[in-house]
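Chains as they are written, first to last, in this note's numbering: chain A, 1 to 302; chain B, 303 to 629. Before any comments, here is the structure.
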């Protein structure tokens, strides 16, 4: 770090300009750095595969995920059923694919809810210190002290368990995370000299947020979104497992895991597949988040 | 009527008074140098004029610009003036540019705020402005990011953006301090020439009398958050009256002499600038001053004589009429 700044600080020491040209703007180089970082590479590949399987499952799965075939119940892996069949003879592979839809849907929507509320609130808290900022932070604390599980139980009791209650419960519980991440990163930018310079140019507060703060904290926020996405997938599976979310017979990794419990002795693989899907998906999004964070740090060190 | 008139400006941070009783004027087209060591309150004075004091700092007194009191204005009205009529150049060109935006975009920012020009026009104007601050290939530099530029180049970018809206006055806060000695000269000459061409006024903040004497018409010396002396450059350089101005001048002169006859000890001002709130009672310079007398226990009043003003009980060059006039 100190090396790089010392390097930059020598005014007039123009490090052969061609070296530096487009270091940031060249998309080719961004790609190369992206592929060289193991986290972003592996995470990216997994995320692409999960998203692809969810998209494909919308139009095609090997079997219908709901098609019951009692004759072949609890069949092990075979050429006809790659990952075997469950207790009703439904194709496990098809159900896994269909489940990824729900996982991504819940993950995306809950993160969206959290960001749509959390980011503006965090920006507000950063720009308006004083009473307004304190009120926002205290509200975040209150939300933070209210666990997602409790919210899910309350919502399920009030409106009946469904995907929407899961989305709401997870989304609300992530709002304070985004408030804090946004606020602390925005504060750094707001205290920077270039924001002071922008104010000296006559920029109004809102324009400063849009032009200077948001672009500078975007990468951090995106990394955080990816990390929370992975946690949302995990939380969704847990809530489904507890019967607070997607109801049978619809396929979701959590419900598959739940129903496979009864056959743990006969067919342990039935438990392994949804678990594996959850682990891989969560790992993918969290690696991607880490990777984005590392790429950002590498870039800011330059 | 002067263009910018600072009257009895006071900057406080809670119980601490950081700047007090600052009075000076800048006429249209005039160049005034504000000098003093770090911690003298020069930058705070500039930020107070801009209305950009940080959180916890507050300004009192009057800052009249073209007959309007800047301190009494709403933030919205000040936004209209900043960058448009009053421009500011910062000390650290390294951090005063947003690392995520292209140079051309940042040079044109002021124009886009105040002139509401289209993106395309702003880009064209930015290239023109970069050419005015002596970039050989303005189109290429306009597409670059700040990290691709050297310190001197970045400061020239800041100057380009300062002059973009034809301001009436430019506040330059130590514009060359953070730069290599070799490029200081070039940036200073450029600023000098552009201020001349634009016909705008300049408030140049510096701690180097040599810099100020080259560029400015008048000098205002600050110490301990107060103005201690002011006058024309010729008067101050030829015959400094305040011991602090005198000491600053001696260190600055000695540097050029020392270059010729190296080996001699460089003169310095004994002691260092105390932190805010730790200045001695009475004259703030008292404990570092060779000429301090008993009277210095009280704050010396500012006494004006023609163009000059001085706040000292025992000025260089004998007990002047100013002392008698005050007591």
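Think of the CB as a built atom: it goes at the ideal place given N, C-alpha and C, for glycine as much as any other residue.
Rounded distance between the beta-carbons of residue j and residue i, thought under 8 Å
{"i": "residue 391/B", "j": "residue 475/B", "result": "7 Å"}
{"i": "residue 431/B", "j": "residue 462/B", "result": "4 Å"}
{"i": "residue 292/A", "j": "residue 222/A", "result": "6 Å"}
{"i": "residue 107/A", "j": "residue 229/A", "result": "5 Å"}
{"i": "residue 632/B", "j": "residue 576/B", "result": "The structure shown has nothing for residue 632/B, since chain B only spans 303 to 629."}
{"i": "residue 104/A", "j": "residue 177/A", "result": "At roughly 20 Å, the Cβ-Cβ gap does not stay under 8 Å, so residue 104/A and residue 177/A are not in contact."}
{"i": "residue 423/B", "j": "residue 480/B", "result": "Their Cβ separation, rounded to whole angstroms, is 32 Å, which puts residue 423/B and residue 480/B out of contact at 8 Å."}
{"i": "residue 66/A", "j": "residue 274/A", "result": "That belief does not hold up - the Cβ atoms of residue 66/A and residue 274/A are roughly 16 Å apart, past 8 Å."}
{"i": "residue 309/B", "j": "residue 363/B", "result": "6 Å"}
{"i": "residue 383/B", "j": "residue 524/B", "result": "Not a contact, Cβ separation roughly 24 Å."}
CA-to-CA distance, residue j to residue i, given in whole angstroms
{"i": "residue 332/B", "j": "residue 505/B", "result": "8 Å"}
{"i": "residue 126/A", "j": "residue 196/A", "result": "15 Å"}
{"i": "residue 539/B", "j": "residue 515/B", "result": "8 Å"}
{"i": "residue 500/B", "j": "residue 328/B", "result": "16 Å"}
{"i": "residue 606/B", "j": "residue 549/B", "result": "21 Å"}
{"i": "residue 294/A", "j": "residue 600/B", "result": "59 Å"}
{"i": "residue 186/A", "j": "residue 426/B", "result": "32 Å"}
{"i": "residue 290/A", "j": "residue 419/B", "result": "41 Å"}
{"i": "residue 21/A", "j": "residue 268/A", "result": "Because residue 21/A sits at a pLDDT of 38, beneath the cut-off of 50, its placement in the model cannot be relied upon, and the following sentence gives the value as read from the coordinates. So the two alpha carbons sit approximately 57 Å from each other."}
{"i": "residue 579/B", "j": "residue 319/B", "result": "7 Å"}
{"i": "residue 470/B", "j": "residue 369/B", "result": "13 Å"}
{"i": "residue 24/A", "j": "residue 400/B", "result": "The predicted position of residue 24/A is uncertain, since its pLDDT is 49 and thus under 50; a value taken from the coordinates is nonetheless stated next. Rounded to whole angstroms, residue 24/A to residue 400/B spans 13 Å at the Cα level."}
{"i": "residue 152/A", "j": "residue 158/A", "result": "10 Å"}
{"i": "residue 554/B", "j": "residue 483/B", "result": "15 Å"}
{"i": "residue 207/A", "j": "residue 215/A", "result": "12 Å"}
{"i": "residue 144/A", "j": "residue 175/A", "result": "8 Å"}
{"i": "residue 296/A", "j": "residue 278/A", "result": "27 Å"}
{"i": "residue 43/A", "j": "residue 282/A", "result": "9 Å"}
{"i": "residue 287/A", "j": "residue 193/A", "result": "33 Å"}
{"i": "residue 609/B", "j": "residue 139/A", "result": "59 Å"}
{"i": "residue 498/B", "j": "residue 389/B", "result": "15 Å"}
{"i": "residue 272/A", "j": "residue 56/A", "result": "23 Å"}
{"i": "residue 257/A", "j": "residue 73/A", "result": "16 Å"}
{"i": "residue 134/A", "j": "residue 150/A", "result": "26 Å"}
{"i": "residue 421/B", "j": "residue 468/B", "result": "19 Å"}
{"i": "residue 148/A", "j": "residue 226/A", "result": "18 Å"}
Selected residue, minimal CA-CA separation from residue i, among the options
{"i": "residue 92/A", "options": "114/A, 68/A, 218/A", "result": "68/A"}
{"i": "residue 179/A", "options": "149/A, 145/A, 122/A", "result": "122/A"}
{"i": "residue 224/A", "options": "182/A, 206/A, 250/A, 136/A", "result": "182/A"}
{"i": "residue 592/B", "options": "423/B, 482/B, 568/B, 572/B", "result": "572/B"}
{"i": "residue 334/B", "options": "575/B, 507/B, 413/B", "result": "507/B"}
{"i": "residue 441/B", "options": "447/B, 503/B, 429/B", "result": "429/B"}
{"i": "residue 306/B", "options": "378/B, 481/B, 371/B, 317/B", "result": "371/B"}
{"i": "residue 284/A", "options": "46/A, 31/A, 30/A, 29/A", "result": "46/A"}
{"i": "residue 339/B", "options": "574/B, 521/B, 361/B", "result": "574/B"}
{"i": "residue 489/B", "options": "456/B, 377/B, 344/B", "result": "456/B"}
{"i": "residue 184/A", "options": "102/A, 53/A, 220/A, 277/A", "result": "220/A"}
{"i": "residue 189/A", "options": "326/B, 383/B, 402/B", "result": "402/B"}
{"i": "residue 452/B", "options": "437/B, 365/B, 466/B", "result": "437/B"}
{"i": "residue 378/B", "options": "205/A, 76/A, 135/A, 141/A", "result": "205/A"}
{"i": "residue 445/B", "options": "404/B, 458/B, 589/B, 373/B", "result": "404/B"}
- Task: Output, in sequence order along the chain, the residues in the region 409-423 of chain B whose CB is closer than 7 Å to any CB in chain A.
- Result: 411, 412, 415, 416
| query | For the 8 Å Cβ check, are there 3 or more pairs between the region 160-176 of chain A and the region 223-240 of chain A? | reply | yes
field: Interface residues of the region 112-146 of chain A facing chain B [CB-CB below 8 Å]
entry: 129
Quick check: the region 598-616 of chain B against the region 528-538 of chain B, are at least 3 beta-carbon pairs closer than 8 Å? With a cut-off of 8 Å, the region 598-616 of chain B and the region 528-538 of chain B count as touching, because enough Cβ pairs lie within range.
If the cut-off is 9 Å on Cβ atoms, which residues from the region 194-214 of chain A count as contacting chain B, listed in chain order? Legend: CB atoms of the region 194-214 of chain A lying less than 9 Å from CB atoms of chain B belong to residues 194, 195, 196, 197, 198, 199, 200, 201, 202, 203, 204, 205, 207, 211, 212.
Fill in: Interfacial residues, the region 212-245 of chain A to chain B, with Cβ spacing under 7 Å
212, 215, 216
Q) On the three-pair Cβ rule with 8 Å, is the region 344-360 of chain B touching the region 310-319 of chain B? A) yes
* Would you check if there are 3 or more beta carbon pairs closer than 8 Å linking the region 354-363 of chain B to the region 541-548 of chain B? => no
Pull out every residue of the region 363-385 of chain B whose Cβ sits closer than 9 Å to any Cβ of chain A, in chain order. 377, 378, 380, 381, 382, 383, 384, 385
Notebook entry, point to check: If we count Cβ pairs, one from each stretch, closer than 8 Å, do we get three or more for the region 46-61 of chain A versus the region 87-101 of chain A?
Noted result: yes
*Would you call the region 243-260 of chain A and the region 151-169 of chain A in contact, with 3 or more CB pairs under 8 Å?*
yes
**OP:** For the region 392-403 of chain B, enumerate the residues whose C-beta is nearer than 7 Å to any C-beta of chain A, in chain order.
**Re:** 392, 394, 396, 397, 398, 399, 400, 402
>> Taking contact to mean 3 or more Cβ pairs, one atom from each stretch, closer than 8 Å, check whether the region 255-272 of chain A and the region 201-216 of chain A are in contact.
In response: Verdict: no, contact absent.
| request: Report the residues of the region 325-348 of chain B with a CB closer than 9 Å to any CB of chain A, ordered along the chain. | output: Using a CB distance below 9 Å, no part of the region 325-348 of chain B faces chain A.
**Request:** Answer yes if the region 76-86 of chain A comes into contact with the region 34-41 of chain A, meaning at least three C-beta pairs across the two stretches below 8 Å, and no otherwise.
**Result:** no
* Asked: Relative to chain B, which residues along the region 249-267 of chain A have a C-beta separation below 8 Å, given in chain order?
  -> none
With 8 Å as the limit, tell me which residues of the region 511-525 of chain B have their beta carbon closer than that to any beta carbon of chain A; keep them in chain order. Residues: none.
Q: Determine which residues of the region 480-513 of chain B have a Cβ less than 7 Å from any Cβ of chain A, and write them out in chain order.
A: 481, 482, 484, 485
Which residues, in chain order, does the region 179-190 of chain A contribute to contact with chain B at a C-beta distance below 8 Å?
none
* Asked: Between the region 461-473 of chain B and chain A, which residues of the former have CB atoms less than 8 Å from a CB of the latter, in chain order?
  -> 463
Got a sec: which bits of the region 598-620 of chain B sit with their beta carbon under 9 Å from any beta carbon on chain A, in order along the chain?
none
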